[in-house]
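Residue numbers (this note's numbering): 14 to 224.
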């Protein structure tokens, strides 16, 4: 996965001169597609948090109390460049207006909030050596891969011709003929076979057999 160097303060780390951060939510979207490598030049230079603010004046980095810290900023920029070469990093997103990271603008050195076009020390090193450097105010949407729309496939349902079914043959049961003689008048009405009563013969006597 491709790697991108990002200012630590943009990731929410409290590395600013005042102990705060410059959290940039867009980085969270990049995490899905890139390995994010945090880097803070001031921390790498050994400066404390919080610390006395510094600005670039006539090519040197001077703190608000008049201390020259240019060597420390140059050493941190060298570390950033070595890190990019080691990890094959070709893209960096750095905090604008920073004396170390600013890729578009920096403060003019008067400590009055005036901003001018220029590069921070680390941004200058990286740009000079072919690393593409952007800041949080740039339109970085191009770094996200384009999501190809899902093509909806048309489902065609073949219409089947109805099958001609032959009508089943009608079978008719022959009705049960109730034929009874005149002497067979008694029968059950529950659908069972009729109980036939045979007429008694006249002058018929039962003879008991002698045992």
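Every residue, glycine too, gets a C-beta built ideally from N, C-alpha and C.
Rounded to the nearest whole angstrom, the CA to CA distance from residue 103 to residue 73 is 27 Å. Remark: fewer than three beta-carbon pairs, one from each stretch, lie closer than 8 Å, so the segment 81–100 and the segment 124–131 are not flagged as touching. Contact check between the segment 37–44 and the segment 111–123: fewer than three CB pairs, one atom from each, fall below 8 Å, which does not count as touching. Residue environment for residue 146: buried (at least 16 other C-beta atoms within 10 angstroms of its C-beta).
Setting aside the 5 residues that flank it on each side, residue 49 is surrounded in the same chain by 16, 17, 19, 24, 40, 43, each with a C-beta closer than 8 Å to its C-beta; the list follows chain order.
Going by beta carbons, residue 144 and residue 105 fall inside the 7 Å limit.
Under the DSSP assignment, residue 88 falls in the alpha helix (DSSP H) whose first and last residues are 83–100. Each residue's CA atom was taken as its position, placing residue 77 and residue 61 some 15 Å apart. For residue 146, no alpha helix (DSSP H) segment is defined; the enclosing uninterrupted segment is the beta strand (DSSP E) at 145–148.
Between residue 59 and residue 100 the beta-carbon gap is near 22 Å, outside 8 Å, which marks them as no contact. Ranking 47, 51, 32, 14 by CA distance to the CA of residue 114 puts 51 first. If the five residues before and after residue 152 are omitted, its C-beta is found closer than 7 Å to no C-beta atom of its own chain. Its chain contains 93, 94, 97, 105, 146 as the residues whose beta carbon lies nearer than 7 Å to that of residue 139, once the 5 sequence neighbours on both sides are disregarded; these appear in chain order. Here the alpha carbon of residue 148 sits roughly 10 Å from the alpha carbon of residue 118. Sixteen is the threshold: when 16 or more other Cβ atoms of the shown chains lie within 10 Å of the Cβ of residue 109, as they do, the residue is buried.
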